[in-house]
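Read through the structure below, which is laid out as C-alpha cells, and then see the notes.
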Amino acid sequence: MGHRFVPNSFLLKEMLKELGIDSVDELFRDIPPEFRTDRLNLSPPLSEQETLWHLRRVLSKNRYQGEIPIFLGGGCWFHYVPAHVKYITQRGEFLTAYTPYQSEASQGLLQALFEYQSLVAELIGLEVVNASMYDWATALGEAALMSCRVTGRRRFLVPHFISPERRSVLQNYCEGIGMRVDEINQDPNSGQIDLDHLRNVLSEDVAGVYIENPSYLGFLEEQVDEISDLTHRAGALFIVGVNPISLALFKPPGEYGADMVVGEGQPLGQSPSFGGPSLGIFACRNDMKLVRQMPGRLIGMASTLDGDERAFCMVLQTREQHIRRERATSNVCSNEALCAIAAAAYLASMGPEGLKTVASISMANAHYLMKRLAEIEGLDAPAFHAFHFNEFVLRRVDGGTMRDFNQKLLQENIHGGHILVSEFPELGESELICSTEVHSKRDLDRFVEAAGKIMEGKK
Amino acid sequence: MTYRQAKYPEPLVFELSQSEREGGFFNPEIEEIPEIPPKLRRERLNLPRLSEPEVVRHYVRLSQMNFGIESGLYPLGSCTMKYNPRACEDFSALPQVRDIHPLQDASTVQGALEILYRLERMLAEIGGVKRVCLQPAAGAHGELLGMLLVRAYFKDIGENRTEVVIPDSAHGTNFASAAMAGFRVVVIPSNSTGRVDVEALRAAVSDRTAAFMLTNPNTLGLFEHEIKEIASILHDAGALLYYDGANLNGIMGKTRPGDMGFDIVHFNLHKTFSTPHGGGGPGAGPVGVSEKLEPYLPVPIIQYDEDKDKYWLDYNRPKSIGKIRSFFGNFAVLVKAYAYLLMMGASGLKEATEVAVLNANYLKEKLRRIPGFEVRYDPEAPCKHEFVLSAEPLKRETGVTARDVAKRLLDFGFHAPTYYFPPIVPEALMIEPTETEPKEELDRFVDAMKQIAEEARRDPETLKRAPFSTSVSRIDEVRASRRPILSWKQFVRLRK
Numbered sequence: 000m001g002h003r004f005v006p007n008s009f010l011l012k013e014m015l016k017e018l019g020i021d022s023v024d025e026l027f028r029d030i031p032p033e034f035r036t037d038r039l040n041l042s043p044p045l046s047e048q049e050t051l052w053h054l055r056r057v058l059s060k061n062r063y064q065g066e067i068p069i070f071l072g073g074g075c076w077f078h079y080v081p082a083h084v085k086y087i088t089q090r091g092e093f094l095t096a097y098t099p100y101q102s103e104a105s106q107g108l109l110q111a112l113f114e115y116q117s118l119v120a121e122l123i124g125l126e127v128v129n130a131s132m133y134d135w136a137t138a139l140g141e142a143a144l145m146s147c148r149v150t151g152r153r154r155f156l157v158p159h160f161i162s163p164e165r166r167s168v169l170q171n172y173c174e175g176i177g178m179r180v181d182e183i184n185q186d187p188n189s190g191q192i193d194l195d196h197l198r199n200v201l202s203e204d205v206a207g208v209y210i211e212n213p214s215y216l217g218f219l220e221e222q223v224d225e226i227s228d229l230t231h232r233a234g235a236l237f238i239v240g241v242n243p244i245s246l247a248l249f250k251p252p253g254e255y256g257a258d259m260v261v262g263e264g265q266p267l268g269q270s271p272s273f274g275g276p277s278l279g280i281f282a283c284r285n286d287m288k289l290v291r292q293m294p295g296r297l298i299g300m301a302s303t304l305d306g307d308e309r310a311f312c313m314v315l316q317t318r319e320q321h322i323r324r325e326r327a328t329s330n331v332c333s334n335e336a337l338c339a340i341a342a343a344a345y346l347a348s349m350g351p352e353g354l355k356t357v358a359s360i361s362m363a364n365a366h367y368l369m370k371r372l373a374e375i376e377g378l379d380a381p382a383f384h385a386f387h388f389n390e391f392v393l394r395r396v397d398g399g400t401m402r403d404f405n406q407k408l409l410q411e412n413i414h415g416g417h418i419l420v421s422e423f424p425e426l427g428e429s430e431l432i433c434s435t436e437v438h439s440k441r442d443l444d445r446f447v448e449a450a451g452k453i454m455e456g457k458k
Numbered sequence: 000m001t002y003r004q005a006k007y008p009e010p011l012v013f014e015l016s017q018s019e020r021e022g023g024f025f026n027p028e029i030e031e032i033p034e035i036p037p038k039l040r041r042e043r044l045n046l047p048r049l050s051e052p053e054v055v056r057h058y059v060r061l062s063q064m065n066f067g068i069e070s071g072l073y074p075l076g077s078c079t080m081k082y083n084p085r086a087c088e089d090f091s092a093l094p095q096v097r098d099i100h101p102l103q104d105a106s107t108v109q110g111a112l113e114i115l116y117r118l119e120r121m122l123a124e125i126g127g128v129k130r131v132c133l134q135p136a137a138g139a140h141g142e143l144l145g146m147l148l149v150r151a152y153f154k155d156i157g158e159n160r161t162e163v164v165i166p167d168s169a170h171g172t173n174f175a176s177a178a179m180a181g182f183r184v185v186v187i188p189s190n191s192t193g194r195v196d197v198e199a200l201r202a203a204v205s206d207r208t209a210a211f212m213l214t215n216p217n218t219l220g221l222f223e224h225e226i227k228e229i230a231s232i233l234h235d236a237g238a239l240l241y242y243d244g245a246n247l248n249g250i251m252g253k254t255r256p257g258d259m260g261f262d263i264v265h266f267n268l269h270k271t272f273s274t275p276h277g278g279g280g281p282g283a284g285p286v287g288v289s290e291k292l293e294p295y296l297p298v299p300i301i302q303y304d305e306d307k308d309k310y311w312l313d314y315n316r317p318k319s320i321g322k323i324r325s326f327f328g329n330f331a332v333l334v335k336a337y338a339y340l341l342m343m344g345a346s347g348l349k350e351a352t353e354v355a356v357l358n359a360n361y362l363k364e365k366l367r368r369i370p371g372f373e374v375r376y377d378p379e380a381p382c383k384h385e386f387v388l389s390a391e392p393l394k395r396e397t398g399v400t401a402r403d404v405a406k407r408l409l410d411f412g413f414h415a416p417t418y419y420f421p422p423i424v425p426e427a428l429m430i431e432p433t434e435t436e437p438k439e440e441l442d443r444f445v446d447a448m449k450q451i452a453e454e455a456r457r458d459p460e461t462l463k464r465a466p467f468s469t470s471v472s473r474i475d476e477v478r479a480s481r482r483p484i485l486s487w488k489q490f491v492r493l494r495k
C-alpha cells in the first residue's frame with residue numbers, strides 16, 4: 000500500500016479504527032461474493048519515468064507534422080499554436096475545474112467562455128454561440144435536431160459533397176426521432192449547389208437546409224443568397240458549416256441569412272492530436288424561438304444580487320438535462336470547455352490582422368501548390384472550377400493510382416492528401432490536399448518536385 | 000487564516016483592445032495572395048487587438064478567479080474530482096501526440112493505434128466487457144452511443160422495443176440520452192433503502208422494454224447488491240442492462256460491471272481515470288459491450304495483426320452503426336488515461352478505490368453526527384465513493400438551505416458539493432472526496448461544516464448571503480436568464 004497519488008494509504012489503520020472496523024474489506028461487504036474481483040489482469044504500477052520511456056518507445060512509430068510535412072485537412076487542420084495559448088490552457092485553475100456550477104467561485108472560467116462565445120459571434124456574424132459541442136459532426140447532428148424542434152418538421156437536406164464521417168454522425172443523431180436526411184445535388188464541374196434540384200426537394204416537410212462553406216472539398220459556394228432565399232421561402236432553417244479560419248477572409252454566414260452556424264473550432268489554437276480534442280462550434284440567430292431550443296451550455300452576462308457588479312453565469316439552464324431530463328434540448332453535459340478557452344486566447348492574440356495573415360498564408364500556399372501540381376503532366380487540379388480556400392482536389396489522370404502516388408511521396412518523407420477514391424468514386428483517382436501556414440515554401444517545393452518525379456516514372 | 004479568492008476588475012478582451020496593437024505572428028513567404036471574388040469577400044472583422052503580454056496577463060488573472068482541483072478540495076458528488084497527474088499533461092504534449100493527423104496512412108501512426116488498442120484492452124479488463132469503443136467525447140455521449148447500440152441490436156433481431164427504464168435517482172443525462180435515441184422513458188421509484196425497488200422494476204419491465212439504465216454504486220453512493228436479481232429480470236425479458244460509469248471509482252478493481260451482468264458499460268475517463276475535466280471538457284466516454292453487441296460498434300475497430308506486428312483499422316463491419324463523432328475520439332485525453340492506468344497498475348487502481356471509499360465513509364460518519372445534517376437512506380450501510388447528506392433538519396430549524404451551506408463552504412476554500420441532487424433526497428448535499436485528499440483536508444472540511452451549522456443557528460441571515468470570499472458575491476442567476484446577454488456583439492447592440 001502507498002501509491003503516491005493516494006495520501007491516506009498510510010493512515011488506513013488509523014482511519015478504519017475511527018470507523019470502528021478492522022479491515023477495508025468491511026466497506027465492500029455489500030458486493031455479493033460471486034461478483035468480487037480478486038485481481039485485475041493489468042501490469043504492476045510503472046513509475047513516472049518508466050511511463051515516459053514506454054510512451055516514447057511506442058510513439059516513436061508515429062510520423063508527425065514538423066518531422067515531415069503532412070498535407071491533410073478535411074475537417075481537422077494543422078495551424079501553428081502559439082506557446083502562450085498552450086500555457087493559458089495549462090493553468091491548473093482552468094484545466095482541473097469542473098463545469099462552472101458554482102459561478103461565484105468560477106468567474107474566470109465563465110468570463111473566458113463568455114469571451115469565446117463573443118469572439119466566435121464576431122467571426123460568424125451571429126449573436127448567440129453556445130459554450131461548445133464535441134466536434135463539428137456532433138454539432139451538425141444537434142443542429143438537425145434543433146431544426147426539427149423549431150419547425151416541427153422531420154426532413155433535413157445536406158450537400159452531396161460532405162465528409163462521409165460527418166454524414167454518418169448526422170444520420171445517427173437523426174435516427175432516434177426518425178428524421179430523414181436527403182441530399183442536394185451539386186454541379187459536378189463547379190461543385191455549386193444545383194438550385195433547380197434544391198427547389199424540387201424543398202418541400203413542406205423540410206426542417207433545415209445545410210451547406211458547407213468552404214465545402215469539404217475546399218471550394219466556396221457563390222449562390223449563398225439564393226440558397227438562403229429558397230430555404231426561407233419554404234419555411235425551413237438555413238444552416239451553414241464553416242472552417243472558422245476561413246472567415247477572416249470570406250463573408251460570414253450571418254451576413255447571408257444563416258439561422259444557425261456549426262463548424263470545427265479545433266484550428267483556433269489547438270493541434271490536431273489525431274482528431275481530438277476537437278471543438279464543435281454551434282451558433283444561432285438571436286431569436287428567443289431559436290435560443291430556447293439550443294443544445295448545450297450558454298454563458299450569460301449577469302450581476303451580483305447585492306448590487307451592480309458585473310458577473311457571469313450559466314443561463315437558460317432549464318433547457319438542460321440536469322433539470323429537464325427526457326424533455327431537455329440535448330443530453331450534453333461535459334462539452335469542450337478548455338478547447339473553447341484555447342480558441343478565445345487564440346482569437347484574442349491573433350486579432351483581425353493576425354487571423355487574416357494565417358488565412359492568407361494558408362490560402363496562398365494551397366493556391367501555389369494547386370498551380371504547380373496542375374503543371375505536372377498526368378495531374379489535374381483543382382477538380383472543381385470554383386474559388387478555393389486552402390484545400391483542393393488533386394486528380395491523377397495517367398492511369399496510376401493515388402495510393403501509389405502517396406506511398407511514393409511517403410518514401411520521400413512527405414505525407415500527401417486524403418485519398419477520395421472510396422468516398423467519391425465519381426472523382427476518379429483523386430485526393431484532398433490541404434496547406435496552411437505550418438508549411439514552409441521549401442515544404443511546398445519539395446512536394447511539387449517529388450510529385451513531378453513520381454509522375455515522370457522516375458520513382 | 001481565512002481564505003480569499005483573487006479578485007481583479009478584469010474587463011472583457013473587447014474592452015481591453017487598443018486600435019494600434021497587432022498580433023504579428025507570421026512572415027508570409029509567398030507574396031502572391033489570390034484575389035478573392037468581391038461577392039465572397041469579407042469587409043469587416045471586429046476582433047480585439049492586443050499584444051501578447053496583455054493577453055497572457057488577462058487570462059492568468061481570469062484563471063486566478065477560478066477554482067480547480069489544484070486549488071483545493073472539490074467534493075462534487077458523482078464528478079470524481081481527483082488529482083490529475085501533471086505527468087500526463089507532459090505526455091500528451093509530445094509532438095508525436097499533438098502533431099499527428101487522423102487521416103494519416105495507418106503505417107505512419109502505428110504508435111497512436113497501439114496506444115488506442117492497449118487502452119481498449121485495459122478498459123475491457125476493468126469493465127469485464129468484450130470490446131470498447133473509444134470514440135465518445137463525454138459520458139453523456141457514451142450514453143447516447145449505448146442507446147443507439149440498443150436500438151441497432153433490437154432492429155437487427157427484429158424486435159420492436161420502445162421503452163427504457165430508469166430509476167428516479169439516476170443522472171439527468173440518462174433520461175435525456177434515452178429520449179434522444181428515440182425511446183420512451185419509464186421511471187421507477189427507489190425503495191426505502193435508496194436502491195432499486197426490485198418489485199417495481201419487475202412490474203415496469205415488459206416485452207416493450209429495450210434496456211434498464213443503472214448506476215452502480217447509485218447516486219446515493221449505495222451499492223445495488225440485488226444486482227443479480229435485477230440482471231435476470233432484464234435478461235429474462237430479453238432486454239439489456241446498461242451501466243452508467245459515472246460512479247466506477249467506487250468499485251474499480253473490486254468488481255466488474257460485465258461480471259454483474261451489464262451488457263453495455265460506459266466509462267468516464269475524466270472522472271475515474273483522472274484526465275482533467277478542463278472546466279467542462281474535453282472528456283472521454285468510451286463504451287464497452289458484451290459479445291452480442293460487438294457487431295454494432297462504430298467503425299473503425301482497431302485490430303492487431305500479430306504475424307506482421309501491425310495495427311490496422313477495420314472498417315468492414317456490415318452491422319456497425321457507423322460513426323458517433325468524427326475520427327477516433329479525444330485522442331490526447333485517451334493518452335492521459337492510458338498513462339494514468341500504467342502508473343496506477345492493477346494494485347494502484349484497487350488501492351485508489353479502497354481509499355476513495357474509506358475517505359467517503361470517514362466523512363459520512365463525521366458529518367452525519369453534526370446536528371442539522373442526516374443521511375436519509377440506509378445510514379448504517381457502508382457507502383461507496385460518495386454519499387448524500389440531507390440538510391433538511393437544519394433548514395427546518397434555521398431556514399438555512401443546502402444551497403446556503405454549499406455557498407458558505409466556498410468561503411473556506413473548498414468547492415461546494417453537488418446539491419439538490421439526487422431529487423429523492425430533500426436538501427441534498429452529494430459529497431465525494433475521492434482517494435487523493437489527505438486526511439487533514441477531510442478534517443478541515445468537517446470543521447467547516449460544524450462551523451456552518453453553528454452559524455446557521457446564530458446568524459442565519461448573514462449565512463444566506465454567502466459567499467463572501469469569492470471573486471464576486473452571490474449572483475442573480477434568475478435575472479440573467481430572464482433577458483440573457485450571450486455575447487459582446489449583443490451587449491453592444493443593446494447598449495446603443
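Order-wise, the sequence lines are chains A and B.
According to numbering that gives the first Met the number 0, the first sequence is numbered sequentially starting from 0.
According to numbering that gives the first Met the number 0, the second sequence is numbered sequentially starting from 0.
Backbone N, C-alpha and C fix where the C-beta goes; we use that ideal spot for every residue, glycine too.
What you are looking at is a predicted structure, and each value in this text was computed from that prediction instead of being measured.
Counted within 10 angstroms of its Cβ, other Cβ atoms place I322(A) as buried (16 or more) or exposed:
The residue labelled residue 322(A) in the question sits at position 323 within the first sequence. It is exposed - the Cβ of I322(A) has fewer than 16 other Cβ atoms within 10 Å.
Counting Cβ pairs closer than 8 Å, one from the region 202–222 of chain B and one from the region 201–212 of chain A, do we hit at least three?
With the rule of 3 Cβ pairs closer than 8 Å, the region 202–222 of chain B does not count as touching the region 201–212 of chain A.
Residues of chain B with CB under 7 Å from V5(A), in chain order?
The sequence position of residue 5(A) within the first sequence is 6, counting from 1. V5(A) reaches chain B at E350, A351, V354, E434 and T435, counting residues in chain order whose Cβ is nearer than 7 Å.
Beta-carbon gap between G76(B) and S42(A) smaller than 8 Å
Taking the second sequence and counting its residues from 1, one reaches residue 76(B) at position 77. Taking the first sequence and counting its residues from 1, one reaches residue 42(A) at position 43. The answer is no: Cβ separation not under 8 Å.
What residues from chain A crowd round V185(B), counting only those whose CB sits closer than 8 Å?
In the second sequence, counting from the first residue as 1, residue 185(B) sits at position 186. Within chain A, no residue has its CB atom less than 8 Å from the CB of V185(B), the nearest being about 10 Å off.
Who are the neighbours of L18(A) on chain B, taking C-beta pairs under 9 Å?
Residue numbering aside, residue 18(A) sits at position 19 when the first sequence is read from its first letter. By Cβ distance, chain B contributes L357, N360, Y361, E364 and P381.
Just the chain A side, please: which residues come within less than 8 Å of H234(B) by C-beta, in chain order?
Here residue 234(B) refers to the residue found at position 235 of the second sequence. Under the 8 Å cutoff, chain A gives no residues; its nearest Cβ is about 15 Å from H234(B).
When you check each C-beta in the region 421–442 of chain A against every C-beta of chain B, which residues fall closer than 7 Å?
Listed by position, the residues of the region 421–442 of chain A near chain B (Cβ gap below 7 Å) are E436, S439 and K440.
Counting only the same chain and skipping the five closest in sequence on each side, list residues whose C-beta sits under 6 Å from that of T95(A).
Within the first sequence, numbered from 1, the residue matching residue 95(A) stands at position 96. So no residue of the chain qualifies.
Within 8 Å (strictly less), CB to CB, does D98(B) reach chain A?
Numbered from its first residue, the second sequence carries residue 98(B) at position 99. So yes, D98(B) belongs to the interface.
How is the beta strand (DSSP E) around M259(A) delimited, first residue to last?
Residue numbering aside, residue 259(A) sits at position 260 when the first sequence is read from its first letter. Its beta strand (DSSP E) spans residues M259 to E263.
Spell out whether any CB of chain B is found under 8 Å from the CB atom of R38(A).
Along the first sequence, one-based indexing puts residue 38(A) at 39. R38(A) belongs to the set of residues whose beta carbon lies under 8 Å from a beta carbon in chain B.
Under DSSP, the alpha helix (DSSP H) around D228(A) begins and ends at which residues?
As a first step, residue 228(A) is located in the first sequence; it is residue number 229 there, counting from the start. Per DSSP, the unbroken alpha helix (DSSP H) holding D228(A) starts and ends at V223 to R232.
Verify the CB distance criterion: does L247(B) have a CB-CB separation below 8 Å to chain A?
What you label residue 247(B) is simply residue 248 of the second sequence in a count that begins at 1. No, L247(B) does not count as interfacial toward chain A.
DSSP-derived helix/strand/coil call for G427(A)
Along the first sequence, one-based indexing puts residue 427(A) at 428. Note: G427(A) maps to coil in three-state DSSP.
I'd like to know if S189(A) contacts chain B, where contact means its C-beta is closer than 8 Å to some C-beta of that chain.
To locate residue 189(A), count along the first sequence from 1; it is residue 190. At a cut-off of 8 Å between beta carbons, S189(A) makes no contact with chain B.
Closer than 8 Å between beta carbons: that is the criterion. Which residues of the region 248–264 of chain B meet it against chain E?
Judged by its chain identifiers, the structure shown contains no chain E, and its protein chains are A and B.
Secondary structure of T98(A), DSSP reduced to three states
Here residue 98(A) is taken as the residue at index 99 of the first sequence, counted from 1. In the structure shown, T98(A) sits in coil (DSSP, three-state: anything other than H, G, I, E or B).
Tell me whether the beta-carbon of M362(A) lies closer than 8 Å to the beta-carbon of P33(B).
Along the first sequence, read from residue 1 onward, the residue named residue 362(A) stands at position 363. Along the second sequence, read from residue 1 onward, the residue named residue 33(B) stands at position 34. Yes; because the gap between Cβ atoms is below 8 Å, this pair is in contact.
Rounded to whole angstroms, what is the Cα-Cα separation between R402(A) and L312(B)?
Your numbering for residue 402(A) matches position 403 in the first sequence. Your numbering for residue 312(B) matches position 313 in the second sequence. A direct Cα-Cα distance of roughly 16 Å separates R402(A) from L312(B).
For E430(A) versus H417(A), is the C-beta distance shorter than 8 Å?
Residue 430(A) sits at position 431 when you count from the first residue of the first sequence. Residue 417(A) sits at position 418 when you count from the first residue of the first sequence. Contact check for E430(A) against H417(A) passes: the beta carbons are separated by less than 8 Å.
Of all Cβ atoms in chain A, is any one closer than 8 Å to the Cβ of N329(B)?
As a working mapping, residue 329(B) is identified with position 330 in the second sequence. Yes, N329(B) counts as interfacial toward chain A.
DSSP three-state assignment for N246(B), whether helix, strand or coil
Taking the second sequence and counting its residues from 1, one reaches residue 246(B) at position 247. Judged by DSSP in its simplified three-state form, N246(B) adopts helix.
Contact check, F66(B) vs H414(B), beta carbons under 8 Å
Locating residue 66(B) in the second sequence gives position 67, counting from the first residue. Locating residue 414(B) in the second sequence gives position 415, counting from the first residue. Contact flag set, yes.
What are the residues of the region 54–75 of chain B that lie near chain A, defined by any Cβ-Cβ distance shorter than 9 Å?
The residues in question are V54, V55, H57, Y58, V59, R60, L61, S62, Q63, M64, N65, F66, G67, I68, E69, S70, Y73 and L75.
Secondary structure at T137(A), three-state DSSP: helix, strand or coil?
Mapped onto the first sequence, residue 137(A) falls at position 138. In the structure shown, T137(A) sits in a helix (DSSP, three-state: H, G or I).
At what residue ranges does the region 319–403 of chain A contain a whole run of the alpha helix (DSSP H), taking only runs of 4 or more?
Runs found: 320–323 and 336–373.
Exposed or buried, which one is S270(A) when buried takes at least 16 other CB atoms within 10 Å?
Reading the first sequence from its first residue, position 271 is the one you call residue 270(A). Using a 10 angstroms sphere on the CB of S270(A), the tally of other CB atoms reaches 16 or more, which defines it as buried.
Spatial neighbours of Y361(B) in its chain, beta-carbon cut-off 7 Å, leaving aside the 5 residues before and after
Translated into positions along the second sequence, residue 361(B) becomes position 362. Taken in chain order, the residues that qualify are L441.
Return the chain-ordered ranges of every alpha helix (DSSP H) run that is complete within the region 8–79 of chain A and spans a minimum of 4 residues.
The qualifying runs are 11–18 and 47–58.
I need the DSSP call for A209(B), collapsed to helix, strand or coil.
Residue numbering aside, residue 209(B) sits at position 210 when the second sequence is read from its first letter. Note: A209(B) maps to strand in three-state DSSP.
Compare the Cα-Cα distances from G244(B) to each of G237(B), A230(B), P84(B) and M212(B) and report the closest residue.
Along the second sequence, read from residue 1 onward, the residue named residue 244(B) stands at position 245. Taking only the C-alpha atoms, the option nearest G244(B) is M212(B).
Local Cβ density within 10 Å of D98(B), reported as buried at 16 or more and exposed below that
Here residue 98(B) is taken as the residue at index 99 of the second sequence, counted from 1. The residue in question, D98(B), is buried, as its Cβ has 16 or more Cβ neighbours within 10 Å.
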